[in-house]
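Everything below concerns the one structure shown next.
Residue numbers (my numbering): 1 to 339.
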């Protein structure tokens with residue numbers, strides 16, 4: 001008697017999608033916090049902002065490694081096609097993350113050059129966020145594939161749509177950063193974060209609407225998946241949920257609640273991510289290569305799943321533990337980095 005067959009390529013697609021989403025929401029708020037640095041000119045405020053993420057920011061990028069490494073191992077064909085298409089934004093993202101990481105450590109160890117490292121921290125955060133959004137837009141708009149390789153040009157990634165998605169990610173990460181500060185800080189810093197939240201929420205909602213309206217016109221299949229009957233029955237709950245969450249988010253910000261704005265923003269990201277999945281599935285390279293066409297042999301996928309089954313729960317446990325230990329508000333006299 002044989003058991004129920006497991007679709008390993010599909011399982012791995014969900015693992016990688018989960019890893020990428022975890023990276024987006026967990027590294028997104030500290031990239032957003034970095035981009036907001038110029039809005040907080042006081043040195044004491046910037047020190048508190050840094051200390052809100054100091055215990056967790058490095059571990060957040062674990063998910064980026066899992067997502068990128070998992071794509072290479074589980075879907076080598078997709079990796080080989082996608083990377084040449086988005087080399088430029090990916091390299092720009094890595095440069096931004098390097099500047100951000102170096103600035104995070106160096107700004108505490110020098111007084112005379114602190115402002116330069118603050119600029120590097122903010123600029124690196126912005127470059128990383130923008131590059132991630134541009135890469136997403138470049139993939140979503142479609143990649144020219146011939147046979148089993150990328151057949152497009154060097155600048156195919158740079159289009160009005162990819163710039164739109166890049167700026168959308170910048171706005172969304174900024175909103176995550178602002179709501180994180182609302183949750184983790186007090187006093188005037190928290191009040192200023194509330195004021196920024198309003199502007200960033202409006203910008204994020206405009207971005208969501210703009211990307212949502214543009215995406216169905218990129219590919220005929222996108223339009224059919226969202227609007228063709230009976231597909232619309234299954235896709236309609238996503239925009240409806242976005243509206244409901246938006247109203248709850250507006251109410252929570254208006255009432256100056258501490259925790260709800262951040263978690264409702266995470267929910268907004270999750271719904272947007274689900275919408276992206278609706279548009280792309282079952283393709284891993286939109287309109288060119290499906291999950292099953294790109295997958296490594298089942299023997300390889302079965303071998304790797306053992307490691308993932310062990311490591312992912314460990315990562316989740318230590319991440320949850322770190323956030324629990326460092327929960328609560330951060331003040332100027334809290335432990336952490338100090339000048």
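Every residue, glycine too, gets a C-beta built ideally from N, C-alpha and C.
(Q) I'd like to confirm the pairing. Which residues does DSSP put opposite residue 149 in its beta bridges? (A) Note: residue 149 sits in a beta bridge opposite 146.
Q. Exposed or buried, residue 184, counting other C-beta atoms within 10 Å across all chains shown (16 or more means buried)?
A. Result: buried.
Q. Any idea what DSSP makes of residue 326, helix, strand or coil?
A. Three-state DSSP puts residue 326 in coil, outside helix and strand.
Q.
Give the list of continuous beta strand (DSSP E) stretches no shorter than 3 residues that lie fully inside the stretch 250-303.
A. Within the stretch 250-303, the complete beta strand (DSSP E) segments of 3 residues or longer fall at 283-285, listed in chain order.
(Q) Quick check: residue 268 and residue 249, are their CB atoms within less than 8 angstroms of each other? (A) Yes; because the gap between Cβ atoms is below 8 angstroms, this pair is in contact.
Q | Contiguous alpha helix (DSSP H) assignments of at least 4 residues, all confined to the stretch 144-215 | A | Counting only runs of 4 or more, we get 160-184 and 187-214.
Q: For the stretch 105-142, list the beta strand (DSSP E) runs that are entirely contained and at least 3 residues long, ordered along the chain.
A: When DSSP assignments are scanned along the stretch 105-142, no uninterrupted stretch of beta strand (DSSP E) that is 3 or more residues long falls wholly within it.
(Q) Check for me: the alpha helix (DSSP H) holding residue 218 runs from which residue to which? (A) First-last for residue 218: undefined, no H or E at that position.
Q. Does the stretch 87-101 come close enough to the stretch 127-138 that 3 or more CB-CB pairs lie under 8 angstroms?
A. Touching, yes.
**Q.** C-alpha distance - residue 63 paired with residue 102, whole-angstrom precision
**A.** When rounded, the distance between both Cα atoms is 20 angstroms.
Q: Give the DSSP-derived three-state secondary structure of residue 229 in the structure shown.
A: DSSP places residue 229 in the coil class of the three-state scheme, outside both helix and strand.
Q | Contact set for residue 261: own chain, Cβ-Cβ below 7 angstroms, skip 5 residues either direction | A | Only 179, 182, 197, 249, 252 and 253 meet the Cβ criterion.
(Q) Rounding to the nearest angstrom, what Cα-Cα distance links residue 193 and residue 203 in this structure? (A) C-alpha separation (whole angstroms): 15 angstroms.
Q) In three-state terms, what does DSSP make of residue 236? A) Correct three-state label for residue 236: coil.
Q | Span of the alpha helix (DSSP H), counted from its first residue to its last, around residue 340 | A | Only positions 1 to 339 of the chain appear in this structure, which leaves residue 340 out of reach.
Q: May I ask which residues mark the beginning and end of the alpha helix (DSSP H) holding residue 56?
A: Here residue 56 belongs to no alpha helix (DSSP H), and DSSP marks it neither H nor E.
Q) Is DSSP giving residue 29 helix, strand or coil here? A) Per DSSP, reduced to three states, the secondary structure at residue 29 is helical.
Q.
Starting from residue 39, trace the alpha helix (DSSP H) in both directions and tell me its first and last residue.
A. Here residue 39 belongs to no alpha helix (DSSP H), and DSSP marks it neither H nor E.
Q | contact_flag[the stretch 151-161, the stretch 52-66] where n(CB pairs < 8 angstroms) is 3 or more | A | No, the stretch 151-161 does not touch the stretch 52-66.
Q: Taking the CB atoms as reference points, tell me whether residue 37 and residue 99 lie closer together than 8 angstroms.
A: The answer is no: Cβ separation not under 8 angstroms.
Q. Would you say residue 34 and residue 124 are within 8 angstroms of each other, going by their C-beta atoms?
A. Going by C-beta atoms, residue 34 is nearer than 8 angstroms to residue 124.
Q. From residue 77 to residue 16, what distance separates their C-alpha atoms?
A. Going by the C-alpha atoms only, they are around 15 angstroms apart.
Q.
Classify residue 14: buried if its beta carbon has 16 or more other beta carbons within 10 angstroms, exposed otherwise.
A. Residue 14 comes out exposed.
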